[in-house]
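Please read the structure below before turning to the comments.
In the numbering used here, the protein residues as written are 3 to 258.
Spelled out as structure tokens, the structure:
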């Protein structure tokens with residue numbers, strides 16, 4: 003059974019890494035045992051997308067968790083019989099049958115959730131970026147390496163067939179010399195979300211808080227940077243950056 007469990011995380015969660023680009027993953031369902039018990043922590047947009055894909059793939063969503071009450075109530079309507087929690091530790095203590103945890107929370111919360119889940123003997127699928135700081139990333143790596151649990155980061159390009167085909171072509175060495183690689187993000191969004199109170203809006207707009215957000219390069223650019231590394235197998239030897247607020251002049255301190 004352990005092999006089946008690991009296959010679920012490697013194959014099923016690997017497919018889910020492409021949720022944002024590949025909403026229909028029915029073809030993957032045969033790889034996943036029906037009724038496999040999982041939990042989702044974080045029921046924002048990505049958490050809801052994960053829930054929809056898990057339901058298509060046949061897994062059983064045993065529990066969902068979110069500290070935001072409106073989102074938790076909405077999640078309850080989406081996943082039916084799943085237990086709801088506002089605290090991860092409570093979920094892990096009460097839902098011992100769960101085999102895997104899917105993490106779709108703000109980035110700065112990944113470390114504490116991942117460490118708790120692995121310590122509880124759960125496999126973990128964690129949305130990218132992995133962590134808010136290098137220290138947190140190393141701590142997550144240390145926790146997972148000392149266990150026999152599967153840990154996967156949701157780097158969406160890795161399961162997209164278009165990227166896989168492009169990588170195969172790149173690896174044929176058809177290019178005489180690699181001079182540069184460029185990536186761009188064209189999403190025209192302010193990152194602001196509507197909320198009934200200022201306190202709730204501050205929680206939902208965490209990406210605009212430089213204390214907990216990696217900004218555009220980290221929160222979204224992670225996927226593009228990963229593609230460059232995946233294609234070339236190389237790491238940057240030096241980096242530089244610049245930016246500012248040029249469009250959304252609303253008092254934010256995170257560059258747009």
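The beta-carbon is built from N, C-alpha and C at its ideal position, and this holds for glycine as well. In this text, all values refer to a predicted model and were calculated from it rather than measured experimentally.
### Message
Taking only three categories from DSSP, how would you classify residue 152?
### Response
coil
### Query
So who's on the other strand from residue 125, going by DSSP bridges?
102
### Query
Would residue 26 be called buried (16 or more neighbouring beta carbons within 10 Å of its own) or exposed?
Low confidence applies here, because residue 26 scores a pLDDT of 35, under 50, leaving its location unreliable; read the following figure in that light. Residue 26 is exposed by the Cβ-count criterion.
### Query
Do residue 44 and residue 135 have their C-beta atoms closer together than 9 Å?
no
### Residue burial classification, residue 249 (beta-carbon count within 10 angstroms, cutoff 16)
exposed
### Query
Helix or strand or just coil, what does DSSP make of residue 87?
Shown here, residue 87 sits in a strand according to DSSP, grouped into three states.
### Query
Among 80, 55, 60, which residue has its Cα nearest to the Cα of residue 67?
80
### Message
Measuring straight from C-alpha to C-alpha, what distance separates residue 28 and residue 54?
### Response
At residue 28, the pLDDT of 38 sits below 50, so the modelled position is not reliable; the number obtained from the coordinates is stated separately. Taking the straight line from one Cα to the other gives about 11 Å.
### Query
Does the region 228-244 touch the region 133-149, meaning 3 or more C-beta pairs lie closer than 8 Å?
Not touching, per the Cβ criterion.
### Cβ contact check for the region 119-129 and the region 95-107: 3 or more pairs under 8 Å
yes
### Query
For residue 41, which residues does DSSP report across the bridge?
Paired residues: 65, 103.
### Task
Just the C-alpha distance for residue 82 and residue 182, rounded to the nearest angstrom, thanks.
49 Å
### Query
If you drop the 5 nearest sequence neighbours on each side, which residues of the same chain put their C-beta closer than 7 Å to that of residue 56?
40, 63
#### Entry: Coarse secondary structure for residue 256, derived from DSSP in three states
coil
### Task
Quick one: residues in its chain with C-beta nearer than 7 Å to the C-beta of residue 191, no 5 flanking neighbours on either side, listed in chain order?
Counting only Cβ-Cβ distances below 7 Å, and skipping sequence neighbours, we find nothing.
### Query
Can the beta-carbon of residue 221 be found closer than 9 Å to that of residue 131?
Their beta carbons are under 9 Å apart, which means residue 221 touches residue 131 by this criterion.
### Query
Considering residue 58, what are the terminal residues of the alpha helix (DSSP H) in which it resides?
Unbroken alpha helix (DSSP H) run through residue 58: 47-59.
### Query
What are the boundary residues of the alpha helix (DSSP H) that includes residue 81?
71-81
### Query
Going by other Cβ atoms of all chains shown within 10 Å of its Cβ, with 16 needed for buried, is residue 175 buried or exposed?
exposed
### Task
Starting from the C-beta of residue 259, find all residues in its chain whose C-beta is less than 6 Å away, skip the five residues before and the five after it, and write them out in chain order.
This structure cannot settle anything about residue 259, because the visible part of the chain is limited to 3 through 258.
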